[in-house]
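Peer 1: My questions will all concern the structure given below.
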Amino acid sequence: MSESTTRPRRLSMPKLTRRLTNVIIHVDDDKSEPVTPASVPSRPSYRLKLDEQAISNWKKHITPEKNDVDSIENDIVHHTITTLCRGVYNVDAWAIYQATAHSVRDRLLEDWNITQEALHKQNPKRCYYLSMEFLLGRALDNALNSLHVKDNYKESVKNLGFNLEDLLSQEKDPALGNGGLGRLAACYMDSAATQDYPTWGYGLRYQYGIFKQIIKDGYQTEMPDYWLNFNNPWEFPRTDIRYEVRFGGYVATKVNEKGESRMSWEGGSKVQAMAYDMPIPGFNTKFCGNIRLWASKPLNTFDFDSFNAGDYDRSVAEQNNAQNLTSVLYPNDNHLVGKELRLKQEYFFVCASLQDIIHRFKRAKCPWKDFPSKVAIQMNDTHPTLAVPELQRILVDIEGLDWDDAWNIVTHTFGFTNHTVLPEALERWSVPLMEKILPRHMQIIYDINLFFLQKVEKKYLGDRELLKRVSIIEESSPQQVRMAHLAVVGSHKVNGVAALHSDLIKKHLFSDFIKYYGPEKFINITNGITPRRWLYQANPGLRDLITKALGGSEQWVTHLDLLEGLKQYADNSEFQEQWAAVKLDNKRRLAEWIKDNLNVSVDPHALFDIQVKRIHEYKRQLMNILGVIYRYKQLKKMSAQELDEAVSRVVIFGGKAAPGYYIAKLVIKLINSVADVVNQDEDIENKLKVIFIPDYNVSRAELIIPASDISQHISTAGTEASGTSNMKFVLNGGLILGTVDGANIEIAEQIGQENIFMFGVLADEVDDLRHQQKYHGLMVDEQLQVVIDAIQSGEFGDASVFAPLINTLTYG
23 MSESTTRPRR
33 LSMPKLTRRL
43 TNVIIHVDDD
53 KSEPVTPASV
63 PSRPSYRLKL
73 DEQAISNWKK
83 HITPEKNDVD
93 SIENDIVHHT
103 ITTLCRGVYN
113 VDAWAIYQAT
123 AHSVRDRLLE
133 DWNITQEALH
143 KQNPKRCYYL
153 SMEFLLGRAL
163 DNALNSLHVK
173 DNYKESVKNL
183 GFNLEDLLSQ
193 EKDPALGNGG
203 LGRLAACYMD
213 SAATQDYPTW
223 GYGLRYQYGI
233 FKQIIKDGYQ
243 TEMPDYWLNF
253 NNPWEFPRTD
263 IRYEVRFGGY
273 VATKVNEKGE
283 SRMSWEGGSK
293 VQAMAYDMPI
303 PGFNTKFCGN
313 IRLWASKPLN
323 TFDFDSFNAG
333 DYDRSVAEQN
343 NAQNLTSVLY
353 PNDNHLVGKE
363 LRLKQEYFFV
373 CASLQDIIHR
383 FKRAKCPWKD
393 FPSKVAIQMN
403 DTHPTLAVPE
413 LQRILVDIEG
423 LDWDDAWNIV
433 THTFGFTNHT
443 VLPEALERWS
453 VPLMEKILPR
463 HMQIIYDINL
473 FFLQKVEKKY
483 LGDRELLKRV
493 SIIEESSPQQ
503 VRMAHLAVVG
513 SHKVNGVAAL
523 HSDLIKKHLF
533 SDFIKYYGPE
543 KFINITNGIT
553 PRRWLYQANP
563 GLRDLITKAL
573 GGSEQWVTHL
583 DLLEGLKQYA
593 DNSEFQEQWA
603 AVKLDNKRRL
613 AEWIKDNLNV
623 SVDPHALFDI
633 QVKRIHEYKR
643 QLMNILGVIY
653 RYKQLKKMSA
663 QELDEAVSRV
673 VIFGGKAAPG
683 YYIAKLVIKL
693 INSVADVVNQ
703 DEDIENKLKV
713 IFIPDYNVSR
723 AELIIPASDI
733 SQHISTAGTE
743 ASGTSNMKFV
753 LNGGLILGTV
763 DGANIEIAEQ
773 IGQENIFMFG
783 VLADEVDDLR
793 HQQKYHGLMV
803 DEQLQVVIDA
813 IQSGEFGDAS
823 VFAPLINTLT
833 YG
């Protein structure tokens, strides 16, 4: 990152403009200023106008791609030779995957361009989904299914000497997300495209993702996820789409030509945000959505003076500092430097996205008052909340609107999705840090808060405690900016993500805002999943069985209510056998993967009991593994006959713990230590196996979920906002063992209480139970004591390692 002034011998980015041909040209103008960062336009200010003859010539050469086997083979060979510079003498599976992906991408781009041209002409209201995460999964299989060309591609690559399944396995999962937040965003993008909604996603192009999880001596070890080391054929670098982003500096007061005082944010340092586009195909439609990701680039890539002076590190320091912004998802913020990087990352994201959204809006030449009727921006959790003061800053400081008109636009543009019920999980930023990194935004937040509190005070005279509770600024030491409060105040709608969650945030988290705004502002939108990936793609055996049973139509893929038609087969023995055969095939597939990758043999006829999700105390993987230990101790006591009659069980865990989350990482260690003992104990005759699947991601979920007999969704009641993995498991015919929490409740309402195993206290009973344990103590259950004794005896390794885990049980 650099100051706005530049030494003359620094090499800056060239001056660019984009024409309708998408050709990037250098602008040579003897009268222009020297090319410096300040003179590099963020976006082109004009486009080349083609005459009718030129347009006709263009259209003459735009011919649809053919999808017959011979044409597909020709395209794959063409890309192998011309795109990859490979030939028949040195081709391999990776090269053919790349060539195949490029040929599929060509077909996607036809739909993408048709979609963008239609949107440009129609100028409809557009939705923009701001999310720090997009957990997309592999793209090739999804695109083949969406375009309905998979069978022909399978035959084509076979004719060229390869197997399509082998090619699919070559693709790396994009490291753009971590858990349910990112997967939800990806499912929304698929759903929006499938329903022809003009929706774009905005996020960050992380160089190394969150991390690659390696299990070493039972512990989670974090490594960079080098997912971009090899070319990603599904993204398009938009070298002509760049926006400047400022950090630090100061706020000056300037008088405009009307004699009005305006604030101006100046000085500090700047980086560039460069766009990368990823097309998102709809299913059974020509509509193609888009996710635009931002990568941080330096304004000046190279300092020649430093290089010539022998200071090679300094010569590229600006480049390295800029790239740090989009290196890693959720950098560790246990220290001040990490907090600063994360705050910069969040602002960089919303600043670039809003500039792009506004650029597109201005192109239609609509007045500012029409902005909310043309633009809807949904904030996925609190990470994009800086978009609220940023849009206000742009409208007031740059576009010259008065405060009230600008604020009216802002509050009619944004919607906010809340994803937590835990007050301690809500994002906060210290005021001193905000003033250092974003001085103008801090001023705007103060003003937003002042005007909001004045309105609250007018309605509730003398209620000072209410003002404290709803204030955007928390009066702690140091003061904190409550990002959830800012999001609520700056949005026209706030939604929870499951019926219980929405009820809880109304009663507890945002109860004071309900009092002021009324209940209409707060709504429930239960999270969902895309059946295209989680059944149609992940479970082809079940897909084909369902399609056949429903008369051969795939209409159910976009209308899941049609699955009601399967009820007539519930007691059909032939259908039951076919269903069971599909399940067994999926379990065999997973068992083979476990053997090949973990060198553990599991019986596919055993009951597969699965819990795969982010490792966290509230998700209670600890309770699950304690239950496994108790089951193991019971098996050890059984007679030969009892053991023979026991149901064989394979307990499968998967998920990542945050790098700084010590207790969660200890849970992973305990799971692996228990697995080491149980899996080698011949006395229990393979009646119990414990498996931890490392580096859990979307592709592994597609392998695991169809193989489940039982899946566990056992969060402490009132802590899981929704959960979506429960939906994926039940859609694939698995049974749920769960607490009365999140979307489990709504699933039970749909499928019937008799088809789901629910246990535990209710959400409104949890606080009483905690209070009772804290102040009166609870006797440790004798079954739990057996488990604690086994751990403390060293049966699963050094007992002192697990002492902090035991303390969470005995002392809280």
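To get the working numbering, take the position in the sequence shown, counting from 1, and add 22.
Even for Gly, the Cβ is constructed at its ideal location relative to N, Cα and C.
All figures in this text were calculated on a predicted structure; none of them were measured in a lab.
(1) Assess, as a yes-or-no matter, whether the stretch 310 to 321 is touched by the stretch 133 to 147 under the definition of 3 or more beta carbon pairs within less than 8 Å.
(2) With a CB to CB cut of under 6 Å and the five nearest residues on each side skipped, what residues in its chain are close to D731?
(3) Which value, in whole angstroms, describes the spacing of the CA atoms of S291 and G682?
(4) What residues in its chain sit with their C-beta under 8 Å from that of H638, if we drop five residues either side in the sequence?
(5) In chain order, which beta strand (DSSP E) runs of at least 3 residues are fully inside the stretch 710 to 767?
(6) Under 9 Å between the Cβ atoms of R4 and D212?
(7) Secondary structure at M645, three-state DSSP: helix, strand or coil?
(8) Which word fits T435, buried or exposed, when buried means at least 16 other C-beta atoms lie within 10 angstroms of its C-beta?
(9) Please report the straight-line C-alpha distance between L444 and A785, rounded to a whole angstrom.
(10) Within 10 angstroms of its Cβ, does Q643 collect 16 or more other Cβ (buried), or is it exposed?
(11) Would you identify the three-state DSSP class for A830, choosing helix, strand or coil?
(12) Answer with buried or exposed for Q775, where buried requires no fewer than 16 other C-beta atoms within 10 angstroms of its C-beta.
(13) Please identify the residue among C149, V762, L190 whose C-alpha is closest to the C-alpha of N164.
(14) Here's the rule I'm using: 16 or more other beta-carbon atoms within 10 Å means buried, otherwise exposed. How should Y797 be labelled?
(15) Can you list, in chain order, the residues of its chain with a C-beta nearer than 8 Å to that of W601? Leave out the 5 residues immediately preceding and following it.
(16) Grab me the residues of S744's own chain with a C-beta within less than 7 Å of its C-beta, minus the 5 sequence neighbours each way, in chain order.
(17) Counting pairs of beta carbons, one from the stretch 223 to 237 and one from the stretch 174 to 186, are three or more of them closer than 8 Å?
(18) Output the boundary residues of the beta strand (DSSP E) element that contains D631.
(19) Quick check on DSSP: helix, strand or coil for S213?
(20) Buried or exposed: Q663, going by 16 or more other Cβ atoms within 10 Å of its Cβ?
(21) In the DSSP output, which residue or residues are listed as bridge partners for N517?
(22) In angstroms with no decimal places, state the Cα-to-Cα distance between D424 and P716.
(23) At 4 residues or longer, and completely inside the stretch 366 to 407: list those alpha helix (DSSP H) runs for me, N to C.
(24) How long is the line joining the alpha carbons of T102 and A121, rounded to whole angstroms?
(25) Between G816 and K655, what straight-line distance do the alpha-carbon atoms span, to the nearest angstrom?
(26) Decide if D803 is buried, meaning its Cβ has at least 16 other Cβ atoms within 10 Å, or exposed.
(27) Helix, strand or coil for V823, going by three-state DSSP, please let me know.
(28) Whole angstroms are fine: how far does the CA of P454 sit from the CA of S499?
(29) Helix, strand or coil: which one does DSSP assign to Q242?
(30) When burial is assigned at 16 or more other CB atoms within 10 Å of the CB, is T830 buried or exposed?
(31) Just to confirm before moving on: does the CB-CB distance between G231 and L203 stay below 9 Å?
(32) Tell me which same chain residues have a C-beta within less than 6 Å of the C-beta of D188, skipping the five on either side of it?
(33) Between the Cα of P220 and the Cα atoms of H142, L186, I813, which residue gives the shortest distance?
(34) Using 8 Å as the Cβ pair cut-off and three pairs as the minimum, do the stretch 603 to 617 and the stretch 692 to 709 touch?
(35) Measure the alpha-carbon distance for E542 versus G587 and round it to whole angstroms.
(36) With a 10 Å radius around its C-beta and 16 neighbouring C-beta atoms as the bar for buried, classify D247 as buried or exposed.
Peer 2: Taking the geometry as given:
(1) yes
(2) Reading the sequence shown from its first residue, position 709 is the one you call residue 731. Within the same chain, D731 has close Cβ partners L629, F630.
(3) Here residue 291 is taken as the residue at index 269 of the sequence shown, counted from 1. Here residue 682 is taken as the residue at index 660 of the sequence shown, counted from 1. Rounded to whole angstroms, S291 to G682 spans 30 Å at the Cα level.
(4) Counting from 1 along the sequence shown, the entry for residue 638 is found at position 616. Listed in chain order, the non-local C-beta contacts of H638 below 8 Å within the same chain comprise A679, Y683, A686, local neighbours out to five positions each way being set aside.
(5) 710 to 715, 732 to 735, 757 to 761
(6) There is simply no residue 4 to check, as the chain begins at 23 and stops at 834 in what is shown.
(7) The count along the sequence shown starts at 1 and reaches residue 645 at position 623. The answer is helix: DSSP assigns M645 an H, G or I state.
(8) Walking along the sequence shown from the start, residue 435 turns up at place 413. Around the beta carbon of T435, 16 or more other beta carbons sit within 10 angstroms, so the residue counts as buried.
(9) If you number the sequence shown from 1, residue 444 lands on position 422. If you number the sequence shown from 1, residue 785 lands on position 763. Approximately 12 Å between the Cα atoms of the pair.
(10) As a position in the sequence shown, residue 643 is number 621, starting the count at 1. Answer is buried; the Cβ neighbour count reaches 16.
(11) Locating residue 830 in the sequence shown gives position 808, where the first residue counts as 1. Before going on, a small fix: residue 830 reads as Thr here, not Ala. Note: T830 maps to helix in three-state DSSP.
(12) Taking the first residue of the sequence shown as position 1, residue 775 is located at position 753. Exposed: under 16 other Cβ atoms inside 10 Å.
(13) Position 142 of the sequence shown holds residue 164. With distances taken between Cα atoms, N164 lies closest to L190.
(14) For the purposes of this step, residue 797 is taken as residue 775 along the sequence shown, with counting starting at 1. With fewer than 16 other Cβ atoms within 10 Å, it is exposed.
(15) Locating residue 601 in the sequence shown gives position 579, counting from the first residue. Answer for W601: L564, L567, G755, listed in chain order.
(16) As a working note, residue 744 is residue 722 in the sequence shown. Taken in chain order, the residues that qualify are V519, A520, H523, T548, N549, G764, A765.
(17) They do not touch, by the three-pair rule.
(18) The residue you call residue 631 lines up with position 609 of the sequence shown. Start and end: 629 to 634.
(19) Taking the sequence shown and counting its residues from 1, one reaches residue 213 at position 191. Three-state result, S213: helix.
(20) Locating residue 663 in the sequence shown gives position 641, counting from the first residue. Exposed, by the Cβ-count rule.
(21) For the purposes of this step, residue 517 is taken as the residue at position 495 of the sequence shown. Per DSSP, T439, I545.
(22) Numbered from 1 along the sequence shown, position 402 holds the residue referred to as residue 424. Numbered from 1 along the sequence shown, position 694 holds the residue referred to as residue 716. Near 54 Å, if we compare the C-alpha coordinates of P716 and D424.
(23) 393 to 396
(24) Residue 102 sits at position 80 when you count from the first residue of the sequence shown. Residue 121 sits at position 99 when you count from the first residue of the sequence shown. Distance between the alpha carbons of T102 and A121: 5 Å.
(25) Numbered from 1 along the sequence shown, position 794 holds the residue referred to as residue 816. Numbered from 1 along the sequence shown, position 633 holds the residue referred to as residue 655. Between G816 and K655, the C-alpha separation is close to 14 Å.
(26) Taking the first residue of the sequence shown as position 1, residue 803 is located at position 781. With fewer than 16 other Cβ atoms within 10 Å, it is exposed.
(27) Counted from its first residue, the sequence shown places residue 823 at position 801. If DSSP states are grouped into helix, strand and coil, V823 belongs with the helices.
(28) The residue given as residue 499 occupies position 477 in the sequence shown. The residue given as residue 454 occupies position 432 in the sequence shown. Distance from the CA atom of S499 to the CA atom of P454, rounded to whole angstroms, is 10 Å.
(29) Against the sequence shown, residue 242 aligns to sequence position 220. Looking at Q242 - three-state DSSP - the assignment turns out to be strand.
(30) Along the sequence shown, read from residue 1 onward, the residue named residue 830 stands at position 808. So T830 ends up on the exposed side.
(31) Locating residue 231 in the sequence shown gives position 209, where the first residue counts as 1. Locating residue 203 in the sequence shown gives position 181, where the first residue counts as 1. No, Cβ-Cβ distance for G231 and L203 is not below 9 Å.
(32) The sequence position of residue 188 within the sequence shown is 166, counting from 1. Same-chain partners within the cutoff: A115.
(33) Mapped onto the sequence shown, residue 220 falls at position 198. It is H142.
(34) no
(35) Counting from 1 along the sequence shown, the entry for residue 542 is found at position 520. Counting from 1 along the sequence shown, the entry for residue 587 is found at position 565. Using only the alpha carbons, I get a separation of about 36 Å.
(36) What you label residue 247 is simply residue 225 of the sequence shown in a count that begins at 1. Buried, since its Cβ has 16 or more Cβ neighbours within 10 Å.
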